[in-house]
Every structure is written in structure tokens, then in C-alpha cells.
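K.L.:
One structure, pasted below without further comment.
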Amino acid sequence: MTILCWQKHPANNLDHRELLLQLLVILKEVITIISQMNHIFRLVILVIFSVLFSYCGSLKPKKKSLEDLRLAYTNKSIAAEKYEKFSQAALNEGYDTLAQLFIAASKSERIHSTNFGKIIELYGQDSATPETGNFEVKSTKENLKSAIKTETFEMLSIYPGFIRTAEREKSSEIARSFSWVNNCQKRYLLNLRTAASILDKGNETGIPFIWYVCSGCGNIYNKSDVPMKCEFCLTKQDNFIGFSKQTE
Ligand SMILES: [Zn+2]
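Each residue of the sequence shown is one higher than the last, beginning at 0 in numbering that gives the first Met the number 0.
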């Protein structure tokens, strides 16, 4: 079982020749054991092995899904760093309330990145430390417009394609994690656009100050719309990262 599922084990570093030899030894032992069984036992063993091979095959993502996952892992890690910087810039300009939304977004992106990294390791690959981000930090109004533009582009043009590819390649874990990000982006964009329209009027009145981030999928909720369970991943409210503790 361990050998047959080697592709899902992150610590496995056997070279192909050694792995092949081990498989041949195991196969020989299995054939010997089966030859000593009666017909019914042989049938049972064949069914079990068919299920095991099918399970291991379903865990192996096709090349494109894994490429998309690694790209998303890096981009989300950079986004977490970027929104943290945007938050600091907002604080420096006196936009204390908007700074909280960017901090929530940073936490959310970090959860996305961490989730992607876990899946990469699940498939036996090293997630490694993502590259350092290359982005500009400008005025808060410009940062807000930049965030809206980036999130809109990713929501409409990147993640739907990623999801379709993962589903086509039957990489269900990857498809689900992409779907969570895509759903989070829709909610986050609504909040960004609302904040931008309020900021255009010259103040922050009406922008929520207290945010909660789902620790499962990274979805963000403000104090007035926080549900008992995350609407995407069903994580209980008790497990949301609460920003009230930092801000009150
Ligand atoms: Zn969630």
C-alpha cells in the first residue's frame, strides 16, 4: 500500500530504479500468495487491488493542473504580502478603517496560499518558499483601484479556466481549492468596490471596521454579515479569525 501510493507521500525520494525493484519483489510475493488461494479469494484480492490502483490514479494530477496550482500558490503568497503593504499605506494616510479590510484580505490570501501548498505536498512535491513579490505600493486610492483590477481579472479570466482544467483532469482537490478562491474573490470584490465608492465621497463612513476570515477557505465576512458557518467550506464561526480582538 505504501509503495503503491508513493506519489502522494511528500517525503518520498526513491529513485525510479530502486522503486521498480521493490515493486517487482512485492509483485512476486503477491503472485505467490494468490496462487495458493482458492478462486473466491483470488477474486476478492483482484477487486481490492483494482480499487487501490484506481484510488492512487485519482490522486495524481495531470501536468496542467499542477502547473496551475504552483502558479496560484506563488501568486497568492505575493498577494498576501501586497495587501499587508496596502494596509500599512492606508494607515500612513489616515485610512484606519480601510486598512482593516486590506489586513483581512492579506490573511485570506495567506490561507489560500497555505491550502495550495498543502495540496502540492499531498501529491509528493515540494511546495518550497514562494518567490518574493514584485508590486507597487502607491496612494491608497490607487492601491484600491489596483486591487479591484487584479481581483476582477483573476476572478473572470484566470480561476474559471483553472477550475475547468482541474475538473477535466479529475483533480478534485485542486478544483475545489480553486473554487473556494474564486468564490472568495466575488465577495472580496464587492467589499472593495463598496469601499472605493465610499472613499470617492471623501471619507470612510460606512466601510466596515471589523472583519472575520474563515480559517478553512479564506472567505471574509464583516461583523454585520457573519454567518454561523462559512457559506463555502462550512467551517464554524468559532474558527473564524476574529479581527475584533486586534482592533477593540
Ligand atoms: Zn470557509
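The beta carbon of each residue, even a glycine, is placed where N, CA and C say it ideally should be.
1) What residue from I209, M36, A78 and T128 has the CA that sits closest to F134's CA?
2) Would you decide whether N12 is buried or exposed? Buried here means 16 or more other CB atoms lie within 10 Å of its CB.
3) Work out the CA separation of S107 and I219 for me, nearest whole Å.
4) Verify whether the separation of the beta carbon atoms of V180 and A71 is less than 9 Å.
5) Using the Cβ count rule (16 or more neighbours within 10 Å means buried), how would you classify L3?
6) On the premise that S86 lies in contact with I102, defined as a C-beta separation below 8 Å, what is that separation, rounded to the nearest angstrom?
7) For H8, name the three-state secondary structure that DSSP assigns.
8) Would you kindly work out how many angstroms separate the C-alpha atoms of L22 and S223, rounded to a whole number?
9) Can you grab the Cα-Cα spacing for the pair S145 / V24, in whole Å?
10) Taking 8 Å as the cut-off, does the CB of T113 come closer than this to any heavy atom belonging to ligand 1?
11) What does the alpha-carbon distance come out to for the pair I147 and L20?
12) Can you round the beta-carbon distance between L188 and T151 to whole angstroms, since I take them to be within the 8 Å contact cut?
13) Would you call the segment 204-215 in contact with the segment 158-173, where contact means no fewer than 3 C-beta pairs closer than 8 Å?
14) Starting from the C-beta of R69, find all residues in its chain whose C-beta is less than 7 Å away, skip the five residues before and the five after it, and write them out in chain order.
15) Using 10 angstroms around the beta-carbon of T204, count the other beta-carbons present and answer buried if the total reaches 16, otherwise exposed.
16) State yes or no: is the C-beta of N221 nearer than 8 Å to some heavy atom of ligand 1?
17) Give the DSSP-derived three-state secondary structure of C232 in the structure shown.
P.N.:
Walking through what the data contain:
1) Of the candidates I209, M36, A78 and T128, the one whose C-alpha sits nearest the C-alpha of F134 is A78.
2) Because N12 carries a pLDDT of 43, less than 50, the predicted location of this residue cannot be relied on, and the following value inherits that uncertainty. Under this definition N12 is an exposed residue.
3) Spanning the two alpha carbons is a distance of roughly 7 Å.
4) Taking 9 Å as the Cβ cut-off, V180 and A71 qualify as a contacting pair.
5) Because L3 carries a pLDDT of 36, less than 50, the predicted location of this residue cannot be relied on, and the following value inherits that uncertainty. Classification for L3: exposed.
6) Taking 8 Å as the upper bound for CB-CB distance, I102 and S86 are in contact here, some 5 Å apart.
7) Low confidence applies here, because H8 scores a pLDDT of 38, under 50, leaving its location unreliable; read the following figure in that light. Assignment of H8 by DSSP, reduced to helix, strand and coil, places it in the coil class.
8) Rounded to whole angstroms, L22 to S223 spans 58 Å at the Cα level.
9) If I take the Cα positions, the gap works out to 58 Å.
10) Checking every heavy atom of ligand 1 against the Cβ of T113, none is found closer than 8 Å.
11) When rounded, the distance between both Cα atoms is 54 Å.
12) Here L188 really is in contact with T151; their C-beta atoms are around 6 Å apart, less than 8 Å.
13) No contact exists between the segment 204-215 and the segment 158-173.
14) I119, listed in sequence order.
15) Flag for T204 reads exposed.
16) Checking every heavy atom of ligand 1 against the Cβ of N221, none is found closer than 8 Å.
17) Coil, per DSSP.
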